[in-house]
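A.B. asks:
Number of protein chains: 4
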Amino acid sequence: MELCTTEGYGKVTIEAIAARSGVSKKTIYRWWPAKGAVVLEAMVEMVGEVTQFPDTGDIVTDLRNQMIAVVDYFMTGPRAAVYAGIIAETQHDEALARNLLEQLLEPRIRAAQERLRRARDQGQFAPDADLEMAVDLLYGPIYYRLLLHLGAYSHKQIGALIDLVIGSLGPVRPAGPPPVQ
Amino acid sequence: MELCTTEGYGKVTIEAIAARSGVSKKTIYRWWPAKGAVVLEAMVEMVGEVTQFPDTGDIVTDLRNQMIAVVDYFMTGPRAAVYAGIIAETQHDEALARNLLEQLLEPRIRAAQERLRRARDQGQFAPDADLEMAVDLLYGPIYYRLLLHLGAYSHKQIGALIDLVIGSLGPVRPAGPPPVQ
Amino acid sequence: MELCTTEGYGKVTIEAIAARSGVSKKTIYRWWPAKGAVVLEAMVEMVGEVTQFPDTGDIVTDLRNQMIAVVDYFMTGPRAAVYAGIIAETQHDEALARNLLEQLLEPRIRAAQERLRRARDQGQFAPDADLEMAVDLLYGPIYYRLLLHLGAYSHKQIGALIDLVIGSLGPVRPAGPPPVQ
Amino acid sequence: MELCTTEGYGKVTIEAIAARSGVSKKTIYRWWPAKGAVVLEAMVEMVGEVTQFPDTGDIVTDLRNQMIAVVDYFMTGPRAAVYAGIIAETQHDEALARNLLEQLLEPRIRAAQERLRRARDQGQFAPDADLEMAVDLLYGPIYYRLLLHLGAYSHKQIGALIDLVIGSLGPVRPAGPPPVQ
DNA sequence: TCTTAACCGAGACGGTACGTCCTGTCTTCGG
DNA sequence: CCGAAGACAGGACGTACCGTCTCGGTTAAGA
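Just so you know, the protein sequences line up as chains D, C, V and A, in that order. Here the first sequence is numbered in the UniProt record's numbering, starting from 1 and rising by one per residue. Here the second sequence is numbered in the UniProt record's numbering, starting from 1 and rising by one per residue. Here the third sequence is numbered in the UniProt record's numbering, starting from 1 and rising by one per residue. Here the fourth sequence is numbered in the UniProt record's numbering, starting from 1 and rising by one per residue.
(1) Answer yes or no: do residue 28 (chain C) and residue 19 (chain C) have a C-beta to C-beta separation smaller than 7 Å?
(2) By the 10 Å Cβ neighbour count, where 16 or more other Cβ atoms means buried, how is residue 89 (chain V) classified, buried or exposed?
(3) Figure out for me which residue from D:22, D:143, D:81 has the closest Cα to the Cα of residue 109 (chain D).
(4) Taking 6 Å as the cut-off, is the C-beta of residue 4 (chain C) nearer than that to any heavy atom in the ligand GTP?
(5) Does residue 246 (chain A) get closer than 7 Å to chain V when you measure Cβ to Cβ?
(6) Indicate the three-state DSSP secondary structure (helix, strand or coil) for residue 10 (chain A) in the structure shown.
(7) Along the chain, which unbroken stretches of the alpha helix (DSSP H) at least 4 residues long are found entirely within the segment 23-59 of chain A?
(8) With DSSP collapsed to three states, give me the class of residue 1 (chain D).
(9) At a CB-CB cut-off below 9 Å, which residues of chain A make contact with residue 139 (chain V)?
(10) Return the residues of the segment 99-111 of chain C that lie within a Cβ-Cβ distance of less than 8 Å from chain D, sorted by chain order.
(11) Looking at the structure shown, is residue 91 (chain D) part of a helix, part of a strand, or coil, going by DSSP?
(12) So what's residue 181 (chain D) in DSSP terms, helix, strand or just coil?
(13) Taking 7 Å as the CB-CB cut-off, is residue 66 (chain V) touching chain A?
(14) Return no unless some Cβ of chain C is closer than 7 Å to the Cβ of residue 164 (chain D).
(15) Considering only C-alpha positions, which residue in the set V:133, V:103, V:104, V:101 is nearest to residue 116 (chain V)?
(16) DSSP on residue 103 (chain C), reduced to helix/strand/coil?
(17) Give a yes or no on whether the minimum CB-CB distance between residue 36 (chain V) and chain A is below 7 Å.
(18) If we cut at 7 Å on Cβ distances, does residue 85 (chain D) have a partner in chain C?
(19) Report buried or exposed for residue 22 (chain C), applying the criterion of at least 16 other Cβ atoms within 10 angstroms of its Cβ.
(20) Is it the case that the segment 86-100 of chain V contacts the segment 136-155 of chain A, given that we only count it when at least three CB pairs across the two stretches are under 8 Å?
(21) According to DSSP, is residue 141 (chain A) part of a helix, a strand, or is it coil?
(22) In whole angstroms, what is the alpha-carbon distance linking residue 155 (chain C) and residue 42 (chain D)?
(23) Exposed or buried, which one is residue 120 (chain V) when buried takes at least 16 other CB atoms within 10 Å?
(24) Going by DSSP in three states, residue 76 (chain D) sits in which element: helix, strand or coil?
(25) Taking the C-alpha atoms as reference points, what is the distance between residue 169 (chain D) and residue 67 (chain C)?
(26) Just how far apart, CA to CA, sit residue 75 (chain A) and residue 63 (chain A)?
(27) So residue 84 (chain D) and residue 8 (chain D) are supposed to be a Cβ contact under 8 Å. How far apart are they, rounded?
(28) For residue 97 (chain D), return the contacting residues in chain C, with the cut-off set at a CB-CB distance below 9 Å.
(29) Determine the burial state of residue 36 (chain C): buried for a count of at least 16 other Cβ atoms within 10 Å of its Cβ, exposed for fewer.
(30) Using a Cβ-Cβ distance cut-off of 7 Å, determine whether residue 136 (chain A) contacts chain V.
(31) Can you pull the chain D neighbours of residue 9 (chain C), defined as C-beta to C-beta under 9 Å?
(32) Between residue 131 (chain V) and the rest of its own chain, which residues show a CB-CB distance below 7 Å, the 5 nearest in sequence each way excluded?
(33) For residue 77 (chain V), is the classification buried or exposed, using 16 other Cβ atoms within 10 angstroms of its Cβ as the cut-off for buried?
(34) Can you pull the chain C residues whose beta carbon is under 7 Å from the beta carbon of residue 160 (chain D), in chain order?
(35) Residue 154 (chain A) by DSSP, collapsed to three states: which one?
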């Protein structure tokens, strides 16, 4: 990670990692298949339990928390370029793509979907709201803006984004037990 | 482009382009700064006037046409990997990033924004609808799904996406002159 | 050496050596700084102990042996062009020049000087004979004829050369202990 | 010549000559076959009538004059490296070798031989003195020392060289008509 | 306590591609 | 119509990493 941030992701090569860490290339290859995997693992390790957001009862607050955590962690500051670099590498490294999905992205997608599902089950959204697409609407724009170099959203914009997405899911009603008919 | 599709973007090197085209490496370097620029230019040339969608009067139809054209052209079939490869390359090539934006992405962003603005001016959306974010909501998910290997949207899903986004922009009313107060 | 003699020294490039020997260019650069150094080392290795002429007691015979060995080895046949090529390369490669001197030329110059000195000490030449210049007179013409494309000396001409040079060093007397006065 | 002396012979390329002289490469190739020929011609032009030594009657003086002129002009100062560079180039350019001989070297060889022949005809040397080899003995050492990086002779050493060579040609007698038998 | 096998650092190796340089030929276009 | 300007194919240069592969040296576990 130090190499990534001081030299830029492009300068991170297996040889540089070996030199920087006082480890032989052989040893690196023993444990990871390629550069991307090393960096991915380092990143996963650093993330830890970030964004395992609790359920405060307020769906908007909870989404805000998660989205802001994701954007702050992955899409701003020096880590942004590193993360973008890893995603770039997945374009010609299928195994890395799989690992990235499994270890970083899918947990967060699942968490968001589950939180939305709970809200829907409590009657806050229309019962047929497409939650999968809702998550695409939340994550899509922020990844798109990262990878296409359009600038990350501010916290305020994230709020607006969430409002838009939630607005599209049907009339928001206060949380409560499923309506009895 | 032939090299891209027959060998895969990873095998496209300056040397391969030179060999395939019967041209010296020097000549390639004379005209393009790097591999990505060559492929980008080829792609831009192929796209041509794709997605300069006309205004049919129906905002939903027009958006559908554009979005489907974009997804069909850039995000399915053999071109998908090529396009993803270029975007990957922009992560460590600032000039390429700039060119990609200017030549491919921004024209389409602008076209979509202008179409939405016309619709808003005709009273089809709330007057304070955030059109910039609306475009992010349209393009974001499809780029996100391309680059994170989540699978491209079907035409049907694109329709649903557009409905969601338009729904979030306020009560849709039939096109007409701005309401007189 | 095979490349040198089959293709000519001009066709000997680092790339050709690498291809011919099944070795990567990197490996060559790891061990030698430039093409000339590779060829020089090969040549030195081939020469081995050539021209470490013994002292037969007869100065003329000894010089003949050495000079003929040098001319036969370095200045006739396919090796002539190779050797000339290396010397040519020393004109723009100072390190190579140094190595050529140290490894090939100076040992032979020294050997000749020492043999002449022994003869002088035994009273065969005038005590103030300039032995350094004598060696220049021996080697100079044969290098000059090689490098200026004037044709190598025949064995007979070498004999004449040696006679001339020895004749210039003073009255030749039979070897013996320094004259007692 | 300016390029040769300011940048070193190695930096003299056809492209550099073209750039420096404000002439197109094509034009250079129209008139000269290769770099060496350009430089050779420039050098020949500069030499002019140098070393067309007159016959003073004293063979030693005349040889001294010629040899010193040659050494001073070709083998010391900035021209030495240029001249050595041209000779180096003749090792892989046969035509250049021929031109160098014809235009630079042979005229001087011939001049020396003729002067020696006149001296011999006047009875200054033994009638069977090998004049061709005598010239080799004069020029050989100075070219050898130039091309093998052994350092040029001083004027004093040149005098000694000439004395040695002349000494080897037989008993020197004052010039006079051929002895009547 | 001694042996032995696993693991390590170091880095050489065969490769592939890079981006640069120069060659000698060819083409364009202005004076 | 000549020549400057310079594009072009070709090919070697020297460099950077890749991923594989020995080497010894060191631990640490089992005998």
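Beta carbons are placed, not taken as given, at the ideal position from N, Cα and C, and that holds for glycine.
C.D. replies: According to the structure shown:
(1) no
(2) buried
(3) D:143
(4) With respect to small molecules bound, the structure shown includes none, and the ligand GTP cannot be examined in it.
(5) Lying before the first or after the last residue shown, residue 246 (chain A) is absent from chain A, which here runs from 1 to 181.
(6) helix
(7) 25-31, 35-47
(8) coil
(9) 140, 141, 144, 148
(10) 100, 101, 105
(11) coil
(12) Only weak support exists for where residue 181 (chain D) lies, its pLDDT of 47 falling under 50; the coordinates are left without a value.
(13) no
(14) yes
(15) V:133
(16) helix
(17) no
(18) yes
(19) exposed
(20) yes
(21) helix
(22) 38 Å
(23) buried
(24) coil
(25) 21 Å
(26) 17 Å
(27) That pair is no contact at about 11 Å.
(28) 148, 149
(29) buried
(30) yes
(31) 91, 92
(32) 113, 116, 117, 120
(33) exposed
(34) 130, 133
(35) coil
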